[in-house]
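Some notes on the structure that comes next.
Protein chains: 2
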Amino acid sequence: MEQQKPVKPEELDVALSHLSRAILPKVLQVQQGIVRATHVFMFKKGLTQLMPLMLSPITDPLNHGVVDASITYAEQLWSLTKSMIFHKQLALLNPDLNSLYIVSPNVRLEFADRADTGRHLFEFTQIDFEFKDKDRFYVMEFMEELVNYVFDRLNKEIPDVLLDLRGELLPQYEKWPVYRTEKLEETLGPDYEHVQSESAPMPFWLLNHRREFYDKEDPKKPGTFLNYDMIWPEGFGEGLSGAERENEYNQIRKRMQEVGTSESTFRHYLQVAQESGLPKSAGGGFGVERMTRFICRLNDVNEVTAFSRKPFFPSLF
Amino acid sequence: MEQQKPVKPEELDVALSHLSRAILPKVLQVQQGIVRATHVFMFKKGLTQLMPLMLSPITDPLNHGVVDASITYAEQLWSLTKSMIFHKQLALLNPDLNSLYIVSPNVRLEFADRADTGRHLFEFTQIDFEFKDKDRFYVMEFMEELVNYVFDRLNKEIPDVLLDLRGELLPQYEKWPVYRTEKLEETLGPDYEHVQSESAPMPFWLLNHRREFYDKEDPKKPGTFLNYDMIWPEGFGEGLSGAERENEYNQIRKRMQEVGTSESTFRHYLQVAQESGLPKSAGGGFGVERMTRFICRLNDVNEVTAFSRKPFFPSLF
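The structure is reproduced here in structure tokens:
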């Protein structure tokens with residue numbers, strides 16, 4: 014490891030100040046409360062937990078470029094997990110698994126353009142869930158219920174921490190508003206997501222994003238997609254991505270070709286789709302650090318970390 | 014990813030049969046119950062959760078060789094997490110963090126000699142915890158209480174699953190027996206850990222292992238160590254490793270030299286030990302899949318996985 018670049022003396026001070034911040038233990042208690050409440054909610058709702066995998070021959074191609082992260086082991090090439098999307102789909106092939114979730118670290122080695130957005134870490138934790146034979150309406154309602162459940166538990170378990178960090182207890186929301194990307198863009202211009210997030214009083218859904226091949230194209234309206242993002246209010250931006258999934262072999266291949274995904278990399282996944290059939294499913298995943306940031310009203314998601322993981326900022330530990 | 018080795022047709026069938034096993038959903042419910050109960054126990058006991066990191070400039074050197082796993086990003090070299098030991102120690106520098114835990118995937122790319130032990134996966138989940146200003150007696154008692162708590166919750170929450178997989182409900186243990194490695198070896202020979210595990214009616218502690226530099230040497234008896242492993246009974250073997258930690262600069266350097274750890278790789282860690290001082294602490298970590306295996310009395314720890322992670326066996330997903 015001699016090839017590491019030399020570190021300026023002050024970088025150690027920066028790392029130690031970051032982890033010694035007085036606010037950190039309280040922020041971590043909020044994050045811990047989110048995780049704990051989510052486990053309880055998932056159990057109540059009958060979802061089965063899978064443990065996360067860090068390495069796989071296939072991982073999420075993502076719809077924005079990141080630095081490739083892979084290693085070689087036992088004569089195989091292994092990618093670091095960008096999301097557990099394919100493992101969720103495949104695990105639902107077990108006839109007795111109908112819904113599942115994973116608390117999963119995700120590694121996304123962002124380029125320098127996302128260094129200072131306040132919303133990106135190059136590794137973070139995503140809580141991913143997927144339901145067999147369910148649609149977008151089911152998942153959206155599930156997520157709304159989850160947020161209310163988590164917020165209620167936090168209000169009861171750590172009210173003093175919330176009052177200290179947030180200035181007030183957490184709300185219970187009625188049904189979240191639903192918008193379509195193309196309509197919002199018409200009204201608000203290209204920065205519609207951010208503009209709407211700034212003025213929104215509560216989380217809202219944003220439907221129809223053109224992105225990875227596994228989000229289902231609307232068969233009734235080709236060229237539009239049965240996916241949904243949840244956007245936090247007060248300018249905090251995206252907090253969850255989800256979709257009904259493509260599960261039909263020919264349609265998956267068509268979508269892969271459209272977005273330029275390598276069929277060779279995904280040949281076993283495609284073979285399953287062709288020979289055994291992938292289950293019809295819908296799901297989503299939310300960022301734990303982003304939910305923590307929203308609740309604590311933090312300027313930057315990196316304030317949730319003990320060890321800085323801001324893209325392209327040096328880390329000693 | 015064209016350079017991946019060709020896969021024999023039957024490997025896909027093997028992967029699909031593995032994840033479609035009828036027993037899997039029940040085994041996963043046990044594992045999920047362990048994780049859920051542990052979160053509740055940690056909260057009751059006042060421990061703060063840190064989220065896991067997959068990448069760090071430093072990671073556990075381990076006391077047995079594994080294939081190196083590292084990547085380059087943003088002009089830095091990052092190792093995949095083999096354990097969160099150093100992050101636990103460093104995070105305790107925060108004056109308001111006195112005890113913490115992490116549910117952390119660990120990547121340990123074992124060599125082929127551990128391919129078929131029944132106890133090794135090349136990635137698994139460890140629940141790691143650490144206490145500032147506590148000693149081995151405190152941690153051992155904490156772990157004994159944790160196991161009884163988890164077992165009691167599982168008995169209440171999923172009794173039918175336990176009866177189905179284990180044939181009986183889980184026990185509540187009295188204080189676990191404590192042995193020293195050198196004494197057991199005298200009596201039972203070099204395979205003492207396995208022999209004792211086979212005949213033990215309950216978990217036991219095994220003190221004094223010569224291993225990584227961060228396990229504290231006994232100042233009263235140099236050449237022996239203030240560390241402890243927990244061994245599952247019925248032949249299931251090691252389930253937790255822990256220790257009081259070396260935290261004094263000169264002693265850490267001495268121990269690094271003895272076991273051959275690179276001071277250069279750990280130069281910032283050493284600098285912290287020298288300049289700020291590392292906290293006195295003790296802790297441990299237990300393998301979630303191994304506890305699941307013990308509870309379900311499974312032949313191989315890989316039966317806990319949906320996607321096989323047996324060292325040197327091919328994985329398609």
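As you go down the protein sequences, you meet chains A and B in turn. The first sequence runs 14 to 330 under my numbering. The second sequence runs 14 to 330 under my numbering. Positions of the beta carbon are idealized from the N, C-alpha and C atoms, including for glycine.
Please classify residue i: is it buried, with 16 or more other beta-carbons within 10 angstroms of its beta-carbon, or exposed?
i: residue 31(B); result: buried
i: residue 36(A); result: exposed
i: residue 42(B); result: buried
i: residue 39(B); result: buried
i: residue 207(A); result: exposed
i: residue 193(A); result: exposed
i: residue 118(A); result: buried
i: residue 200(A); result: exposed
i: residue 270(B); result: exposed
i: residue 220(B); result: buried
i: residue 104(A); result: buried
i: residue 311(B); result: buried
i: residue 173(A); result: exposed
i: residue 209(A); result: buried
i: residue 77(A); result: exposed
i: residue 184(B); result: exposed
i: residue 263(B); result: exposed
Write down the C-beta distance between residue i and residue j rounded to the nearest angstrom, noting that I regard them as a contact closer than 8 Å.
i: residue 101(A); j: residue 93(A); result: The Cβ separation is near 17 Å, so there is no contact.
i: residue 245(B); j: residue 216(B); result: 6 Å
i: residue 292(A); j: residue 127(A); result: Not confirmed; about 33 Å, so no contact.
i: residue 51(A); j: residue 159(A); result: 7 Å
i: residue 122(B); j: residue 86(A); result: 5 Å
i: residue 84(B); j: residue 82(A); result: 5 Å
i: residue 285(B); j: residue 303(B); result: Residue 285(B) to residue 303(B), Cβ: 32 Å. No contact.
i: residue 67(A); j: residue 67(B); result: 6 Å
i: residue 116(A); j: residue 65(A); result: 7 Å
i: residue 255(B); j: residue 240(B); result: 7 Å
i: residue 152(A); j: residue 164(A); result: So it is not a contact: roughly 19 Å between Cβ atoms.
i: residue 24(A); j: residue 327(A); result: 5 Å
i: residue 175(A); j: residue 167(A); result: 6 Å
i: residue 335(A); j: residue 99(B); result: Here chain A has residues from 14 to 330 only, and residue 335(A) is not among them.
Could you check what DSSP says for residue i in three-state terms: helix, strand or coil?
i: residue 118(B); result: strand
i: residue 80(A); result: strand
i: residue 97(A); result: coil
i: residue 323(A); result: coil
i: residue 211(A); result: helix
i: residue 243(A); result: strand
i: residue 219(A); result: strand
i: residue 57(A); result: helix
i: residue 144(B); result: strand
i: residue 16(A); result: Note that residue 16(A) scores 48 on pLDDT, short of 50, meaning its location in the model is unreliable; the coordinates nonetheless yield the value given after this. Coil at residue 16(A), not helix or strand.
i: residue 85(A); result: strand
i: residue 26(B); result: helix
i: residue 250(A); result: strand
i: residue 228(B); result: strand
i: residue 255(A); result: strand
i: residue 112(B); result: strand
i: residue 316(A); result: helix
i: residue 237(A); result: coil
i: residue 137(B); result: strand
i: residue 68(B); result: strand
i: residue 92(B); result: strand
Going residue by residue through the segment 260-303 of chain B, where are the continuous alpha helix (DSSP H) segments of at least 4 residues, counting only ones entirely within it?
262-272, 280-288
Quick one: which unbroken beta strand (DSSP E) runs of 3-plus residues sit fully inside the segment 147-205 of chain A? Chain order, please.
191-193
Interface positions of the segment 57-71 of chain B facing chain A (Cβ-Cβ less than 7 Å), listed along the chain
61, 62, 63, 64, 65, 66, 67, 68, 69, 70, 71
Interfacial residues, the segment 33-54 of chain A to chain B, with Cβ spacing under 9 Å:
33, 34, 35, 37, 38, 39, 41, 42, 44, 45, 46, 48, 49, 52, 53
Residues in the segment 76-88 of chain A having any Cβ partner in chain B nearer than 7 Å:
80, 82, 84, 86, 87, 88
Using a Cβ-Cβ cut-off of less than 8 Å, list which residues of the segment 257-286 of chain B approach chain A; keep chain order.
275, 277, 278, 281, 282, 284, 285
Of the residues that make up the segment 290-322 of chain A, which ones have a beta carbon closer than 9 Å to any beta carbon in chain B?
Correct list: 301, 302, 317, 318, 319, 320, 322.
Give the residues from the segment 118-134 of chain A that approach chain B closer than 7 Å (Cβ to any Cβ), ordered along the chain.
The residues in question are 118, 120, 122.
Closer than 7 Å, Cβ to Cβ, to anything on chain A: give me those residues from the segment 184-216 of chain B, in chain order.
none
Quick one, which residues of the segment 89-109 of chain A are near chain B if we go by CB-CB under 9 Å, in chain order?
Listed in sequence order: 89, 90, 91, 92, 93, 94, 99, 100, 103, 104, 106, 107, 108, 109.
Chain-ordered residues of the segment 135-146 of chain B with a beta carbon less than 9 Å from chain A:
135, 136, 137, 138
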